[in-house]
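My numbering numbers the first residue of the sequence shown as 35 and each following residue consecutively. All C-beta atoms in this analysis are idealised placements derived from N, C-alpha and C, irrespective of residue type, glycine included. Remember, it's a predicted structure, so these values are computed and weren't measured experimentally. Note sheet for the following structure.
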Amino acid sequence: MLQKTKPFGVLPNGQTGELYEIKNNQGLCVHITNVAAAIVSIFAPDKDGNISDVVLGYDNAADYLSKGPYHGACVGRVANRIENSVFELDGKTYHLTPNYQGKHVLHGGEWGLDHHVFEVSEYAENSVCLETVMTDGEDGFPGNVRLKVIYTVNENNGLSIRYLATSDADTVLNLTNHAYFNLRGESAGSAMGHKLQIFSDEYMPLDEDGMVYGEILSVDPIMDFRTGKEILRDINEDHPQLKIANGYDHNFVLHPNGKELVLAARAEDPESGRVMEVLTNMPGVLLYTGNFLADHTVAGKDGRFYGKREGFCLETNFPPNALKYPNFVQPILKAGEMYDFETIYRFTTA
Numbered sequence: 035m036l037q038k039t040k041p042f043g044v045l046p047n048g049q050t051g052e053l054y055e056i057k058n059n060q061g062l063c064v065h066i067t068n069v070a071a072a073i074v075s076i077f078a079p080d081k082d083g084n085i086s087d088v089v090l091g092y093d094n095a096a097d098y099l100s101k102g103p104y105h106g107a108c109v110g111r112v113a114n115r116i117e118n119s120v121f122e123l124d125g126k127t128y129h130l131t132p133n134y135q136g137k138h139v140l141h142g143g144e145w146g147l148d149h150h151v152f153e154v155s156e157y158a159e160n161s162v163c164l165e166t167v168m169t170d171g172e173d174g175f176p177g178n179v180r181l182k183v184i185y186t187v188n189e190n191n192g193l194s195i196r197y198l199a200t201s202d203a204d205t206v207l208n209l210t211n212h213a214y215f216n217l218r219g220e221s222a223g224s225a226m227g228h229k230l231q232i233f234s235d236e237y238m239p240l241d242e243d244g245m246v247y248g249e250i251l252s253v254d255p256i257m258d259f260r261t262g263k264e265i266l267r268d269i270n271e272d273h274p275q276l277k278i279a280n281g282y283d284h285n286f287v288l289h290p291n292g293k294e295l296v297l298a299a300r301a302e303d304p305e306s307g308r309v310m311e312v313l314t315n316m317p318g319v320l321l322y323t324g325n326f327l328a329d330h331t332v333a334g335k336d337g338r339f340y341g342k343r344e345g346f347c348l349e350t351n352f353p354p355n356a357l358k359y360p361n362f363v364q365p366i367l368k369a370g371e372m373y374d375f376e377t378i379y380r381f382t383t384a
C-alpha cells in the first residue's frame, strides 16, 4: 500500500489533498501534491550544508486550485498563451473560452490541468507517478489525453519531471511546470540577485498584448543571458520588451538533438552558494521573473504573501502562441503517438 507523507488539507469537493515525499541519499528532498501534480517544496543544501525550501507555494492542497501564479503546478493542455482563444487543427477550427485579458487563453483555460486531482499509481522512496485524463472537449480541446507525470530524485541531486501522454484523437499538447524558485529560500525576499545564465542565442519578442507574434530575434544586450548576469542588472531598463511584460516573461529558443537533454539554464545564488541547472529536451525555456506575484490574494507558506519578483520560473515548453505560427515548432500530438518529454532541475553548490 502506498504511504503518503501526510494529508494536505481538504479540497472544496471533500476530497483529501495528499502530499508525497521523495528523496535521495545526498540531501535533496521534494514534496509533491496530487493537486495539479504540483511541486510543493524542494529542500536543498547550501554551501554549508544548511537545508532550505527553495520553491514558493502554499501550506495546503486547496490553495493550489487558486488561479493566479500557478505555484508549482503542471500546466496545460497548452501552457502559456493561445491568441484570441482559437486554433486550427486538421482543417477544423476550435474556439476556446478565454481566461486572459478577456480574449486569450492562458495555461490551458479556466479549468486547465492545474485543476486536476491526479491519481498516484506508483510511489517509491525516490519517485512518484501521477496520472490523470484530460477528456475530449475539456476547455474546448479535442481528444481524450491520458497523462503520466513522473517525478524522480536522482543521486546527482536532480529532480526529473517526465511527461508521458497519449491521445485517442489528434490534439495539441504543451506541458510545463510553473514552479517559482528562490535559491536563498522561499521566504528570503527578492530573487533578482541570482546570477542567471540561459544558453540561447535567440528569443521570441512580445507585442503590446504580451503575445508572441511570430518573430525570433537574436538576443540584444538586455535579453542576453549567455555569459551570466544578475537578473536585476537590466530588469528596470527602458527596453520595450521589459515595459510590455513588467520585467522578463520571454521564451528563449533551444535546439535539443532529438530526445537528448541539453543544458538550458543555470541559476546561482551568491549568498547561499546554491546552484540550479535546468536540462531539457523541450524546444524552449521561458524566463518569468514573478512580475505580478504581489497581485495574488491567497497567502503562501506560513501565511506570508509573496512580493513582486520574490521568485522566478524557468518553464521548459513549446513556443508560446505557436498554434498561430506554423514556422514555430508545433505542439501537436497525433492520435496513438507518445508525447514524451523530460526536464531536470539539478541542484549543486558553488
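Selection from the options that minimises the alpha carbon distance to residue i
i	options	result
H345	N160, E242 and G334	Residue identity check: residue 345 is Gly in the sequence provided, not His. Among N160, E242 and G334, the Cα nearest to that of G345 is on G334.
N361	E144, Y340, I250 and T323	I250
A203	F175, G318 and L230	F175
L300	T331, L313 and V89	According to the sequence provided, residue 300 is Arg. The question's Leu does not apply to it. Cα-wise, what sits closest to R300 is L313.
Y98	Y247, T377, E165 and F152	F152
A213	P354, E294, E172 and A107	A107
F259	Y282, G248 and F233	F233
D283	P304, C63, E302 and V319	V319
M372	N84, G143, A199 and Y157	A199
R111	Q275, L209, N58 and H138	L209
H289	P41, Y237 and I269	Y237
M245	S224, N188, K358 and T169	K358
E310	K277, F352, N270 and L230	It is Met, not Glu, that sits at residue 310 in the sequence shown. That would be L230, whose Cα lies nearest to the Cα of M310.
N47	H150, L53 and H105	H150
P365	A158, I195 and T205	T205
Collapsed DSSP secondary structure at residue i in the structure displayed
i	result
V44	strand
I265	helix
E117	helix
A356	helix
G324	coil
A78	strand
G370	coil
H149	helix
Y98	helix
K137	coil
K293	coil
E349	strand
G337	helix
E376	strand
E172	helix
M35	In this predicted model, M35 has a pLDDT of only 41, less than 50, meaning its place in the structure is not dependable; the value taken from the coordinates is given anyway. Three-state DSSP puts M35 in coil, outside helix and strand.
L123	strand
F215	strand
I73	strand
Per DSSP, the bridge partner or partners of residue i
i	result
M238	N285
V154	L164
L302	The sequence shown places Glu at residue 302, not Leu. DSSP output for E302 lists K229 and V309 as bridge partner(s).
V319	F286 and T350
T400	Since the first residue of the chain shown is 35 and the last is 384, residue 400 is not available in this structure.
F381	M310
T331	DSSP output for T331 lists no bridge partner at all.
V246	L240
L251	Y237
N- and C-terminal bounds of the beta strand (DSSP E) containing residue i
i	result
K57	T50 to K57
Q231	K229 to I232
L313	R308 to T314
A199	G192 to S201
S86	I85 to D87
R180	V179 to V187
T67	C63 to T67
Y128	K126 to H129
Residue i: CB within 7 Å of a non-hydrogen atom of the ligand MG
i	result
L193	Only the bare structure without any ligand can be found here, which leaves the ligand MG out of the picture.
Rounded distance between the beta-carbons of residue j and residue i, thought under 8 Å
i	j	result
K81	S221	The pair is not a contact, with the Cβ atoms about 19 Å apart (cut-off 8 Å).
I56	S161	6 Å
A70	D148	4 Å
D93	D336	7 Å
L62	N191	5 Å
G146	V109	7 Å
N325	R308	Actually they do not touch by this definition, with Cβ atoms about 23 Å apart.
Y322	E349	7 Å
A30	V44	Here the chain covers residues 35 to 384 and nothing more, so residue 30 does not appear.
Y247	D241	5 Å
Limits of the unbroken alpha helix (DSSP H) element including residue i
i	result
K277	P274 to A279
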